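**Q** If you scroll down you'll find the structure; I have some questions about it.
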Amino acid sequence: MKYQFLWFFLLISNCIIGQTIITGTVFEKNNPLEGAAVYLNNTMVGTTTNAKGVFSLKVKEGKHELIISFLGYKTINYNLNTSTYKKPLSFTLVEAENTLNEIFIGKTKYDDEWKYNLKNFKREFIGQTTLAENCKILNPKVLHFEFDAKNNILTAFARKPLQIKHKDLGYKITYDLESFIINKKYVTYLGYSRYENLKGSKRKQRKWKKNRLKAYNGSSIHFYQSLLKGTSYVDGFIINLFKRVPNPERPSEEEIKKARELVKLNRSVINFSAKIEKPKSAIDSALLVLRKVRLPKFIDYLYESKAPINKIITKENGVYKLIFENNLSIVYTKELEEKGYILRNAFSKIRKALPQTSSIIPVKKPIYLDKNGLLINPLAVFYEGYWSYEKFANTLPLDYVPLK
0 MKYQFLWFFL LISNCIIGQT IITGTVFEKN NPLEGAAVYL NNTMVGTTTN AKGVFSLKVK
60 EGKHELIISF LGYKTINYNL NTSTYKKPLS FTLVEAENTL NEIFIGKTKY DDEWKYNLKN
120 FKREFIGQTT LAENCKILNP KVLHFEFDAK NNILTAFARK PLQIKHKDLG YKITYDLESF
180 IINKKYVTYL GYSRYENLKG SKRKQRKWKK NRLKAYNGSS IHFYQSLLKG TSYVDGFIIN
240 LFKRVPNPER PSEEEIKKAR ELVKLNRSVI NFSAKIEKPK SAIDSALLVL RKVRLPKFID
300 YLYESKAPIN KIITKENGVY KLIFENNLSI VYTKELEEKG YILRNAFSKI RKALPQTSSI
360 IPVKKPIYLD KNGLLINPLA VFYEGYWSYE KFANTLPLDY VPLK
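Residue numbers (numbering that gives the first Met the number 0): 0 to 403.
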């Protein structure tokens, strides 16, 4: 599954779940392909094909996203359902188009501009949380960047999967980057990931378990899982409903455009520092309009605090559906904000840390969850607030099981 802005985690329940062996063969044209990666997306379950192109995977019963990839070939994303699985599986990889090669060959220059773009990429992909400090991209030079100065859009490409070492969570992660875009309004990145445990002492393993639990607590998947169980408030979440409406104090875009055109025509005779209490001319009115441009376009107002869970989620034909109106504000009371989050928008004195607050803004309805708390269409919502601050460095594999 592909992900936007923030990654989504899958909590496997603690009850006993059956397992099954998945077998198959990967071909290149008519020839068996050795060394192809076969794994369940964003999990620790994976293997590679042998000399005969054959693979074997032990997976838990249910629906999974099976990824088959090999450098230079198009990645296959196969929806695996163990209840209807007919073995053995067979996949034929097709060579990727030369579009990326044309971009990379002789074009990537590791100059100051590339380093600047890499810094922005790390900030928006890895993140700036405490856990991000020890989450490193081991092969950054596989990245190529294109910057559209006119529209202020940065696009990243990778000619090989990113190799990421997370010393604070104890994972080595292979991330196959499909796309990455930084727009002035949003950040999106799409891709597939495979997790492996790092080797370490018992002391390190205790540290990793503690950090993994911290990454899980208060996360979006923690919240969705609590909705399914009906334990959101017990788990420390407070759910509020709010509306987002146009700010009546801010001029319309049409008014702003006209004001800018008028000021531009009369720039040489305008005193921009003049105090204007009541406009006496069209130019005075235009200046007053432009002085309100920095006002927010929208304002939010909360209309229901501590909304009951049955106003948030329901179950239809065995599928969970989010039914809340407008937008959600979720406060996680059991952890405070990190200092880095507070500093992001600090212009003067640094305020005290508050409970972590995030917003869910629907993009496309209906919004469905599967039985494990995973958004069936993660692009149906976007996050603001604390969940937008926690990026890849704070994600966990889908088969992570939180400690009791």
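Glycine is no exception: its CB is placed at the ideal position from the N, C-alpha and C atoms. Everything numeric in this text was worked out from a predicted model, so none of it was measured.
Across the region 304-320 and the region 244-258, are there enough close Cβ pairs to call them in contact, namely three or more that are closer than 8 Å?
**A** Not touching, per the Cβ criterion.
**Q** Give the range of the alpha helix (DSSP H) segment to which D283 is assigned.
**A** It spans A281 to L289 - the alpha helix (DSSP H) in which D283 sits, taken as one unbroken run.
**Q** Check for me: the alpha helix (DSSP H) holding V262 runs from which residue to which?
**A** Segment E252 to L264, the alpha helix (DSSP H) holding V262.
**Q** Just to check, is the beta-carbon of N344 closer than 7 Å to a non-hydrogen atom of the ligand PLP?
**A** Of the ligands one can find in the structure shown there are none, so the ligand PLP has no counterpart to examine.
**Q** State the CB to CB distance for the pair Y340 and Y300, rounded to an integer number of angstroms; the pair is presumed to be in contact (CB under 8 Å).
**A** The Cβ separation is near 23 Å, so there is no contact.
**Q** For Y84 and D398, what's the separation of their Cα atoms in angstroms?
**A** Their Cα atoms are separated by approximately 20 Å.
**Q** Would you report the Cα separation of L374 and I366, rounded to the nearest angstrom?
**A** Roughly 8 Å between the two C-alpha positions.
**Q** If you draw a straight line from the C-alpha of H405 to the C-alpha of G126, how long is it?
**A** Residue 405 cannot be examined here, being either before or after the span of the chain that is shown, 0 to 403.
**Q** When the distance is taken between beta carbons, is N326 closer than 8 Å to F241?
**A** Yes, the pair counts as a contact, with Cβ atoms nearer than the cut-off.
**Q** Could you pull out every residue in the same chain whose Cβ sits closer than 7 Å to the Cβ of L226, ignoring the five residues on either side in sequence?
**A** The residues are I308, I311 and I312.
**Q** Would you call the CB atoms of G372 and Q224 closer than 8 Å?
**A** The answer is yes: Cβ separation under 8 Å.
**Q** With DSSP as the reference, label Q162 as helix, strand or coil.
**A** Note: Q162 maps to strand in three-state DSSP.
**Q** If I follow the unbroken alpha helix (DSSP H) through Y388, where does it start and stop?
**A** Here the alpha helix (DSSP H) through Y388 covers Y385 to Y388.
**Q** Just to confirm my understanding: we take T332, look at its own chain, exclude 5 residues before and 5 after, and list those with CB closer than 8 Å. What are they?
**A** For T332, where only same-chain residues beyond five positions count, the Cβ hits under 8 Å are G235, F236, I237 and P354.
**Q** Between F156 and N116, is the Cβ-Cβ spacing less than 8 Å?
**A** Taking 8 Å as the Cβ cut-off, F156 and N116 do not qualify as a contacting pair.
**Q** Going along the chain, which residues of its own chain have a beta-carbon closer than 6 Å to the beta-carbon of V37, five neighbours each way excluded?
**A** Excluding residues within five positions, the ones whose Cβ falls inside 6 Å are T46, F54 and I67.
**Q** Is Q417 helix, strand or coil when you go by DSSP?
**A** The shown model of the chain, from 0 to 403, leaves out residue 417, and the question about it has no answer.
**Q** Please determine if the region 263-270 and the region 187-207 are in contact, where contact requires at least 3 C-beta pairs separated by less than 8 Å.
**A** Touching, no, given that fewer than three Cβ pairs across the two stretches are closer than 8 Å.
**Q** Measuring only the C-alpha atoms, how far is I220 from P396?
**A** Near 11 Å, if we compare the C-alpha coordinates of P396 and I220.
**Q** Taking just the CA atoms, how far does T230 sit from S192?
**A** Their backbone Cα atoms lie some 30 Å apart in a straight line.
**Q** Using the three-state DSSP reduction, which class does G235 fall into: helix, strand or coil?
**A** Reduced to three states, the DSSP call for G235 is coil.
**Q** Quick one: what's A36 bridged to in DSSP?
**A** Beta-bridge pairing links A36 to T47 and S68.
**Q** Can you check which of these residues, F69, L79, N196 and K28, is closest to T19 by C-alpha distance?
**A** Among F69, L79, N196 and K28, the Cα nearest to that of T19 belongs to L79.
**Q** Quick one: grab the DSSP three-state call for L402.
**A** Coil, per DSSP.
**Q** Pop quiz: K390 and F124 are said to be a contact at Cβ under 8 Å. What is the actual Cβ separation, rounded to whole angstroms?
**A** 6 Å between Cβ atoms; contact.
**Q** Please classify F7: does DSSP put it in a helix, a strand, or coil?
**A** Here F7 scores only 33 on pLDDT, less than 50, and its place in the model should not be relied on; the value that follows carries that caveat. F7: coil per DSSP, three-state reduction.
**Q** At which residues does the beta strand (DSSP E) containing K320 begin and terminate?
**A** Its beta strand (DSSP E) spans residues V318 to L321.
**Q** Measure the Cβ-Cβ separation of N49 and E64 and say whether it is below 8 Å.
**A** Going by C-beta atoms, N49 is not nearer than 8 Å to E64.
**Q** If I measure Cβ to Cβ from K280 and keep anything under 6 Å in the same chain, skipping five residues before and after, which residues do I get?
**A** According to the sequence provided, residue 280 is Ser. The question's Lys does not apply to it. Taken in chain order, the list of residues that qualify is empty.
**Q** Sort V400, T394 and P401 by Cα distance to I163 and report the nearest one.
**A** Among V400, T394 and P401, the Cα nearest to that of I163 belongs to T394.
**Q** Alpha carbon to alpha carbon, how far is K73 from V93?
**A** Each residue's Cα considered, the two are about 6 Å apart.
**Q** Could you give the first and the last residue of the continuous alpha helix (DSSP H) run that contains N116?
**A** N116 -> alpha helix (DSSP H) spans D111 to F124.
**Q** Among S82, K370, D110 and R350, which residue has its Cα nearest to the Cα of L321?
**A** Nearest of S82, K370, D110 and R350 to L321, Cα basis: K370.
**Q** Could you tell me the distance, in whole angstroms, from the CA atom of K274 to the CA atom of K296?
**A** Approximately 24 Å, taken between the alpha carbons.
**Q** Can you look up K314 in the DSSP assignment and give me helix, strand or coil?
**A** In this structure, K314 counts as strand in the three-state DSSP scheme.
**Q** How many Å lie between N376 and K62 at the Cα?
**A** Approximately 15 Å between the Cα atoms of the pair.
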